[in-house]
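A short worksheet on the structure shown next.
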Amino acid sequence: MPRVGLTTAVVVETAAQMLDERDGEGVNVASLAERLGVKPPSLYKHVDGMPGLRRGVMLRAKAELAEALGRAAIGKARDDAVRSAAMAYREWATAHPAQYRMAMRAPVSGDHEDEDVSATLVEVLYTILSGYRIAEEDLVDAARFFRATLHGFVDLETTGAFQLPRSLERSYERSIASLTSALHSWGEP
């Protein structure tokens, strides 16, 4: 008998939680089915095997990250928006390390759902950066700079690369301050 309330969203959410708990290791249809209390074949009604499960988690992760950034920056502008979004970015990425790695993937060409959710994430970044009045032709560069700065820090942090006896919070705050300083001068000769 199928489990009542089992939906694609529940399957994907549970897989995402398991990925974070296990740092991306050991999640497969069998372990997911066991966690959900169902037989593995019943999951195929909701996802197309492991590729479909990975895709579902990736789409969910991109959407959640976009939502976290947008929620953090709403009602704020310029430095306040960037700082709030940067803090939300780090918080989300460190709370969901395996999902974060999946969210950083470029969209698969021709996968309209992936292209749409990725475009939403980019639009959130553009909105956050809009207060700096960056010329449209420079916006992609500014968004890449924003992402590269935050991703570089978070990636090093989540892989344990920061071992020197210095507060990570202080270092991250300084990175954000450097980021906002650069954004103020963006487009100047």
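All the letters of the sequence shown, read from the start, carry residue numbers 34 to 222 under our numbering.
Ideal Cβ positions, reconstructed from N, Cα and C, are used throughout, including at glycine.
All figures in this text were calculated on a predicted structure; none of them were measured in a lab.
Does residue i pass the burial test, meaning 16 or more other C-beta atoms within 10 Å, or should it be called exposed?
{"i": "Leu-197", "result": "exposed"}
{"i": "Val-173", "result": "exposed"}
{"i": "Ala-210", "result": "exposed"}
{"i": "Leu-162", "result": "buried"}
{"i": "Ser-117", "result": "buried"}
{"i": "Ser-151", "result": "buried"}
Spatial neighbours of residue i within its chain, please: CB distance less than 7 Å, with the 5 preceding and 5 following residues excluded, ordered by chain position.
{"i": "Trp-219", "result": "Tyr-165, Ile-167, Asp-171, Ala-175"}
{"i": "Leu-76", "result": "Val-44, Val-62, Leu-65, Ala-66"}
{"i": "Arg-55", "result": "none"}
{"i": "Arg-111", "result": "Gly-164, Tyr-165"}
{"i": "Glu-148", "result": "Pro-140"}
{"i": "Tyr-205", "result": "Arg-123, Phe-186"}
Residue i lies in the alpha helix (DSSP H); which residues open and close that run?
{"i": "Tyr-205", "result": "201-217"}
{"i": "Leu-39", "result": "Here Leu-39 belongs to no alpha helix (DSSP H), and DSSP marks it neither H nor E."}
{"i": "Pro-198", "result": "From DSSP, Pro-198 is part of no alpha helix (DSSP H); its letter is neither H nor E."}
{"i": "Glu-67", "result": "62-69"}
By Cβ distance below 8 Å, which residues in the same chain neighbour residue i in space, the five residues on each side in sequence not counted?
{"i": "Asp-53", "result": "Ala-128, His-129, Pro-130, Ala-131, Gln-132"}
{"i": "Thr-41", "result": "His-79, Val-80, Gly-89"}
{"i": "Arg-180", "result": "Leu-158"}
{"i": "Lys-72", "result": "Ala-66"}
Between which residues of its own chain and residue i is the CB-CB distance below 6 Å, once the five residues before and five after are set aside?
{"i": "Ala-121", "result": "Ala-101, Leu-102, Ala-105"}
{"i": "Val-187", "result": "Arg-123, Ala-126"}
{"i": "Lys-109", "result": "Ser-117"}
Would you please state the rounded distance, in angstroms, between the beta carbons of residue i and residue j? I believe it to be under 8 Å.
{"i": "Leu-92", "j": "Glu-156", "result": "Actually they do not touch by this definition, with Cβ atoms about 16 Å apart."}
{"i": "Lys-95", "j": "Leu-154", "result": "6 Å"}
{"i": "Trp-125", "j": "Leu-98", "result": "6 Å"}
{"i": "Val-60", "j": "Leu-216", "result": "Wrong, their Cβ atoms sit about 38 Å apart, outside the cutoff."}
{"i": "Arg-68", "j": "Met-51", "result": "6 Å"}
{"i": "Leu-183", "j": "Ala-119", "result": "6 Å"}
Next on the checklist: Extract the residue ranges of the beta strand (DSSP E) inside the region 101-176, only unbroken runs of 3 or more that lie entirely within it.
Outcome noted: none
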